[in-house]
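Structure, as structure tokens:
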Amino acid sequence: MRRLSAILALTCLLVPLAPAPAGATVRDSAASTPAFNSTVWSLAFRGDVIYAGGSFTEVTFRGRTYVRKRLAAFSARTGAVLAWNPTANGTVRSLAVTRTGRPAVYAVGDFDEIGGVRRDAVARLDAVTGRVAPFSHRVSGTASTLAVGAGRIYIGGSFGAVDGVTRRNLAAFSHRTGALDRGFRAATDGRVRALAATRTRLYAGGDFHRVGGTAQARLAAVTTAAGVPVRAFRPKAPAFVMDIAVSPTGISTSTGGPGGRAVGYTPAGAIRWTHLFDGDVHNLAVLRGITYVGGHFDRACRTTSTIAQLGCPAGYAPRVKLAALDTHGRLTAWNPRANGTWGVQVVTADPARARIAAGGAFTAVGGRTRSRLALFTTP
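The sequence shown runs -24 to -1, 1 to 355 under mature numbering (1 follows the signal peptide of the UniProt record, and there is no 0).
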């Protein structure tokens, strides 16, 4: 009976909240959420449920500790840990949730087993029960990022083949059948760290310098069906790209290298704005025109920058591990302050309910205990 109640709680639908005004930031203070005993690397929203992946093995909420080996789910409304519990035997690096058909959660990472079932680096899980789906592939290398869109699941990383078929750092699968999409032939000459899909484009970021034989360093777009480079998108990324977020005005990216940057691009790849930080910007998400960034930085430039600029002529403003930029890339007043050396590793948005979730290696936000997970809601 307890399991049935938990599953019913997981599947219930909430009345949508009134939308937040465009350009308004979420609260600085983080809501009460479960505490994780190790790094949270990935987060995904589905309605009122948040799925988490990482290297953790335990999750604690209101004095009760639950065994959750590298995968967990909880209520964004109450913080309650849910019964969803597919265990992975290695770190989960990225999660994505499908919006069509029976809801599914896709995971990639360093595992070769989930829920006692052999799964090599990529798996599909039932979003309600956590049951491992019959979606099994062999990845020759490491998969560390994924995206869903255009009826497909895309994975990226550092690998040379999938199911014995040559696939260099990028591969696609049919969401309907689960089969490797043999018509999608995008390839890169280096690691793919980030993916984001739209109806017609798959954006990829990483350490590469060529895509499908075409010179294109660190950031590129390919067609969602065939993986052919989109020649109308010609960005000049200043450093390796760690994350990509799609917005109505184009895309935003986070980068490492000397310091760290968040960069906004038009759909053609022209730079709209650049904002510098004093450490890597690991991840970002766009919500209501605001770009939320997370990383291991402690300061942000007070003004936007040029793409070649390394310093901050106007000086720095304190922004510890988290910051927000407006639609022109300008620093906002949002300043929740996470701690830790490595700080924030993932930022994700819930557009329907105007929420931002952040995960990583931090243990406090705004001076209050928030162990490796923080949820920010709209005022």
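Beta carbons are placed, not taken as given, at the ideal position from N, Cα and C, and that holds for glycine.
What residue does the beta strand (DSSP E) around Gln321 start on, and which one ends it?
Within the sequence shown, numbered from 1, the residue matching residue 321 stands at position 345. Counting along the chain, the beta strand (DSSP E) containing Gln321 begins and ends at 320 to 326.
* To do: Count the CB pairs spanning the stretch 292 to 302 and the stretch 19 to 35 that are closer than 8 Å, and state whether there are at least three.
  => no
Nearest by alpha-carbon distance to Asp219: which of Leu146, Val141, Arg194 is it? Start at 1 with the first residue of the sequence shown, and residue 219 comes out as number 243. Nearest C-alpha to Asp219: Arg194.
Indicate whether Ala330 and Thr308 have their beta-carbon atoms separated by less than 8 Å.
For the purposes of this step, residue 330 is identified with residue 354 of the sequence shown, where counting begins at 1. For the purposes of this step, residue 308 is identified with residue 332 of the sequence shown, where counting begins at 1. In this structure, Thr308 does not lie closer than 8 Å to Ala330 by Cβ.
Please look up how many angstroms separate the CB atoms of Leu156 and Val138, rounded, as I've assumed it's under 8 Å.
Taking the sequence shown and counting its residues from 1, one reaches residue 156 at position 180. Taking the sequence shown and counting its residues from 1, one reaches residue 138 at position 162. The Cβ separation is near 6 Å, so the contact holds.
Where does Pro312 land, buried or exposed, given buried means 16+ other C-beta within 10 angstroms?
Counting from 1 along the sequence shown, the entry for residue 312 is found at position 336. Answer is buried; the Cβ neighbour count reaches 16.
Return helix, strand or coil for Ala180, following the three-state DSSP convention.
-> Within the sequence shown, residue 180 is the residue found at index 204, counting from 1. Ala180: strand per DSSP, three-state reduction.
Could you say which of Arg161, Pro211, Asp254 lies nearest to residue 391 if we only look at CA atoms?
For the chain, the structure presents residues -24 to 355; residue 391 sits outside this window and is missing.
Practice item. Scan the stretch 224 to 274 and note each continuous beta strand (DSSP E) run of 3 residues or more that stays entirely inside, going in chain order. Key: 226 to 231, 236 to 241, 247 to 253, 257 to 263, 266 to 271
Practice problem: Have a look at Arg237, Arg95, Gly154, Thr54 and flag the residue whose alpha-carbon is nearest the alpha-carbon of Phe273. | Solution: Walking along the sequence shown from the start, residue 273 turns up at place 297. Selected option, being the one with the closest Cα: Arg237.
> According to the neighbour-count rule (16 or more other Cβ atoms, all chains shown, within 10 Å of its Cβ), is Thr153 buried or exposed?
Replying inline: Against the sequence shown, residue 153 aligns to sequence position 177. Result: exposed.
Spatial neighbours of Ala99 within its chain, please: C-beta separation below 6 Å, excluding the five flanking residues on both sides. By one-based count along the sequence shown, residue 99 stands at place 123. Counting only Cβ-Cβ distances below 6 Å, and skipping sequence neighbours, we find Ala83, Ile90.
Nearest-angstrom Cα distance between Leu(-8) and Gly23?
Locating residue -8 in the sequence shown gives position 17, where the first residue counts as 1. Locating residue 23 in the sequence shown gives position 47, where the first residue counts as 1. Note on Leu(-8): pLDDT 35, under 50, position unreliable in the model; no value is reported.
TODO: Out of Gly335, Ala52, Gly106, Phe50, point me to the one whose CA is closest to Thr63's CA.
DONE: Position 87 of the sequence shown, counted from the first residue, corresponds to residue 63. Here the closest residue by C-alpha is Gly106.
Which word fits Thr267, buried or exposed, when buried means at least 16 other C-beta atoms lie within 10 angstroms of its C-beta? Numbered from 1 along the sequence shown, position 291 holds the residue referred to as residue 267. Buried, by the Cβ-count rule.
- Message: Looking at Arg346: is its Cβ nearer than 8 Å to the Cβ of Ala48?
- Response: In the sequence shown, residue 346 corresponds to position 370, counting from 1. In the sequence shown, residue 48 corresponds to position 72, counting from 1. In this structure, Ala48 does not lie closer than 8 Å to Arg346 by Cβ.
- Sorted by chain position, which residues of the same chain lie with C-beta nearer than 7 Å to Leu252's C-beta, five sequence neighbours on each side aside? Locating residue 252 in the sequence shown gives position 276, counting from the first residue. So the list reads Gly235, Arg237, Cys277, Ser281, Gln285, Cys288, once near-sequence residues are dropped.
(request) Would you identify the three-state DSSP class for Trp310, choosing helix, strand or coil? (result) Position 334 of the sequence shown, counting from 1, holds the residue named residue 310. Reduced to three states, the DSSP call for Trp310 is coil.
Query raised in the report: Does the Cβ of Gly203 have 16 or more other Cβ atoms within 10 Å, making it buried, or fewer, making it exposed?
Result: Reading the sequence shown from its first residue, position 227 is the one you call residue 203. Classification for Gly203: buried.
Using 8 Å as the threshold, is the C-beta distance between Ala314 and Leu263 below it? Taking the first residue of the sequence shown as position 1, residue 314 is located at position 338. Taking the first residue of the sequence shown as position 1, residue 263 is located at position 287. Cβ distance not < 8 Å, so Ala314 and Leu263 don't count as in contact.
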